[in-house]
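Working notes, structure below.
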Amino acid sequence: RWMSEKALRQEKKVDEAQAAKEHAKRFVPTTRTWSNSTFESALDSSRSTGERQALAEELFQTYESRIAQSPQDHAMDYQHVYLVMHKA
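Residue numbers (this note's numbering): 92 to 179.
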């Protein structure tokens, strides 16, 4: 999405740095919805729930910053495919 919207951003004279930050802010929650619990549960159970949540938050904040620095390098390149087969 980031790359496909480049011409539109240029046409509207959008500040690229600000647009990159906004893109990162929208992008991370999409990833986080399916991966947050995996990261939290991978941490040692001797850590409190709050500590595990704080570490996951730190991870995703760091990721958001990295995406804002180079949004073109982060995308959701996947497809949902439904295959229906019939035995002949």
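Beta carbons: idealized from backbone N, C-alpha and C, even for Gly.
Between residue i and residue j, is the Cβ-Cβ spacing less than 8 angstroms?
i, j, result
"Ala108", "Pro162", "no"
"Leu150", "Leu134", "no"
"Ala115", "Glu155", "yes"
Express the C-alpha separation of residue j and residue i in angstroms, rounding to a whole number.
i, j, result
"Glu131", "Ala179", "47 angstroms"
"Glu180", "Gln160", "Outside the modelled stretch of the chain, which goes from 92 to 179, sits residue 180, for which no answer is possible."
"Glu96", "Val105", "11 angstroms"
"Arg123", "Met176", "33 angstroms"
"His165", "Gln152", "15 angstroms"
"Glu142", "Val172", "38 angstroms"
Using DSSP with H/G/I as helix, E/B as strand and the rest coil, what is residue i?
i, result
"Asp168", "coil"
"Val119", "helix"
"Ser161", "coil"
"Leu99", "helix"
"Ala110", "helix"
"Arg143", "helix"
Take residue i and list the residues in its own chain whose beta-carbon comes closer than 8 angstroms to its own, dropping the five residues that flank it on each side.
i, result
"Thr121", "Met167"
"Arg100", "Glu107, Ala110"
Given residue i, which residues of its chain have a CB within under 7 angstroms of its CB, disregarding the five upstream and five downstream residues?
i, result
"Leu174", "none"
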